[in-house]
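Numbering (my numbering), first residue to last: 56 to 780.
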């Protein structure tokens, strides 16, 4: 059981263009205000658009639709936008197929999603071994005869590989239905299990049952949808109504499970054990263990082996041993090792010590030993191997320098390991590593393509001094022929939450910005994990201001170094990155030409009063605590909008099917910004009524959304090719 992560965002006068006079271009009305004032520990806070939180109110939805139609029309008029989208389509045609979400079982069966240029989303395929014939198992486009767009979100093959569970969700909602297929006959079993969300199906020893987690409701707007979720045992071929509640707050009152904790159970077949995890967005896990022989008992005697105080973020088991991944007294992380017959942390010994100069980023075991990755500043990675019965790890020389290394193994019974390498401007290459020969063999599953458009790109990895003297990594990508004359458009993309690192990724579509003379920048701000656990904690709750102040410092640095000017800088982020964008633009509205927040957290003081809010309290805080409440106010972009202020051009988006950031958060921010903005810059609010958080979007929707983002940024940076007539 390796790398357990839960697996679980008004004046619309336009510059430089003369608009048509038809009604679609008439500026829609400013939203009405209905102020609600509340006292938070002595601080009065007025919320003028609280009523927008009622998504059943037809007047609210009509306002959403009116502004969305207006914004859609404005964006469609940007010259050059369609050219960007056409280029994305052309890039897509360069590969006959793209294969992802690959699951390789110990029986050497491959299960994966495959997408061709003709496909809007991935289809589920299977093959017996790498060279086996490819078999189509399931096409989500044919799932139901309706207008919804379905995508596959997870794949869980059975132990014998004769069955496979997979989840299908409509219109980006992530509200999935779990189905089971007989691989040999390609027939679906009759039952369909709803109320799933990355339900972590774990097959049991008989290969006829599995454990999965289920939510309370399929309605993403139901306030208790994610509370008191439960793990069940399902028997293949039976109705979900007969499923056995196995691990939950109601089933296990002795464990004091909190309503917001997700109870996830995995079967470890190599040690015949069950592991139960209690999970929120807090990376610290609670872990329980019991012999799998007890699974059919009326009472299961769970033994807690890890508490929150142990600060275990991840773990894996090998035969008779367990590895714990922790930053406790080791902010760059270390790996501990303990015997499974006595697995408490007090019995664990250091297996891979903390490296003072690099973060231990990932690890996985095979029959030969342990592979692990060290990352420097989140942008350069190295691979190491510690053989069984050895105490000295060796560095493995890679075929090429890697900004990012991906590891995949089959399990602890084979030496098989695959290594995927990529960088900001280099496409993903998949290799099989042969440890006995110390050799890499290319074994790409997806087709490869060339991108001569990016031959002349260069990368600078910079360190920028922030407001408090701390240096912040900044990745900068641009064409070598760029002149640093202070006149180049810059696009800064950031996130800064949950300890998530923006490691190098290759996206020919994202790089299109550089073909327009633009400079891409990725500020690795605090709140992320690029520089270890302390980097996350330095942009978390009460320290959250460092997140947007780091972005501001990076923008100022690029101006000082003549990369650009304040009239040319666009900032972009989504989801929790909405805090970064919203607070940077409200603190320094003079510094940016454009701000783009996609499905962003813009009203953090009200976040916990949305369905996905309670599980996020460990990351952002709660208004019920005086200190955390004031921290939430400080990071709340909505409440930091100031009247009669000249704000940059702003594009705010929302998805009505979003289960992570409810649509009223960006809506309230947009409404207030439109009402008080004193500049003549456009403030656009775009709602997709057939999408969610971006996960599970169709390919066309992704192309169009990125076209909106890049086109809007280039328009407002005064790029000549993007100015409407």
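Positions of the beta carbon are idealized from the N, C-alpha and C atoms, including for glycine.
Taking residue 135 as the centre and dropping the five residues before and after it, the same chain places the C-beta of 766, 769, 776 and 777 closer than 7 Å to its C-beta, in chain order.
Rounded to whole angstroms, the separation of the alpha carbons of residue 267 and residue 428 is 30 Å. 7 Å or more divides the Cβ of residue 459 from the Cβ of residue 297.
Taking the C-beta atoms as reference points, residue 257 is found nearer than 7 Å to residue 265. For the set 237, 353 and 203, the Cα lying nearest the Cα of residue 190 is the one of 237. DSSP, reduced to helix, strand and coil, places residue 563 outside both helices and strands of the structure shown, so it counts as coil. In the structure shown, the three-state DSSP call for residue 137 is helix. One thing to note: residue 354 has its Cβ no nearer than 7 Å to the Cβ of residue 367. Of the residues 384, 226, 197 and 463, the one whose Cα lies closest to the Cα of residue 158 is 463. According to DSSP, residue pairing for residue 234 in a beta bridge involves 221. Using a Cβ-Cβ distance cut-off of 8 Å, the region 488-495 and the region 564-573 are not in contact, since fewer than three pairs of beta carbons, one from each stretch, lie closer than that value. When the Cα atoms are used, residue 180 and residue 301 turn out to be separated by approximately 31 Å. Under the DSSP assignment, residue 609 falls in the alpha helix (DSSP H) whose first and last residues are 600-615. Following the DSSP letters along the chain, one finds residue 720 inside the alpha helix (DSSP H) bounded by residues 719-731. Bridge pairing for residue 98: 95 [DSSP].
The region 385-393 and the region 431-438 do not touch, with fewer than 3 CB-CB distances between them shorter than 8 Å. Taking C-beta atoms as the reference points, residue 259 and residue 322 count as a pair closer than 7 Å.
Put simply, the region 725-737 does not touch the region 207-215. Fewer than three CB pairs are less than 8 Å apart.
Note on the region 728-768: whole beta strand (DSSP E) runs with a minimum of 3 residues are 738-743, in chain order. Leaving aside the five residues that flank residue 365 on each side, the residues in its chain whose CB is nearer than 6 Å to its CB run, in chain order, 400. For residue 707 against residue 740, the beta-carbon gap comes to about 5 Å, under 8 Å, which counts as contact.
Sorting 670, 684, 306 and 87 by C-alpha distance to the C-alpha of residue 317 places 670 at the top. Between the region 133-149 and the region 472-488, the count of C-beta pairs closer than 8 Å stays below three; the two stretches do not touch.
In the structure shown, residue 546 adopts extended strand secondary structure according to DSSP, grouped into three states. In the DSSP assignment, residue 114 falls within the unbroken alpha helix (DSSP H) covering 113-131. In this model, residue 107 and residue 564 are separated by some 35 Å (Cα to Cα).
Annotated as distal: residue 630 and residue 742, with beta-carbon spacing of 7 Å or more. Pairing residue 504 with residue 149 gives a Cβ-Cβ distance under 7 Å. Taking C-beta atoms under 8 Å as the contact rule, residue 602 and residue 646 fail to qualify, at a distance of about 16 Å. When secondary structure is reduced to three states using DSSP, residue 475 falls in the strand class. Our two residues, residue 441 and residue 362, have alpha carbons roughly 28 Å apart in a direct line. Apart from sequence neighbours up to five positions away, the residues of its chain that approach residue 541 with a beta-carbon distance below 6 Å are 617 and 620, ordered along the chain. Counting every other CB atom within 10 Å of its CB across the protein chains shown gives residue 691 a total of 16 or more, marking it as buried. When the alpha-carbon of residue 82 is set against those of 95, 100, 113 and 118, the nearest one is in 118.
Around residue 750, the same chain offers 227 and 229 as residues with beta carbons nearer than 7 Å, after the five sequence neighbours per side are excluded. In the DSSP assignment, the residues bridged to residue 529 are 517 and 578.
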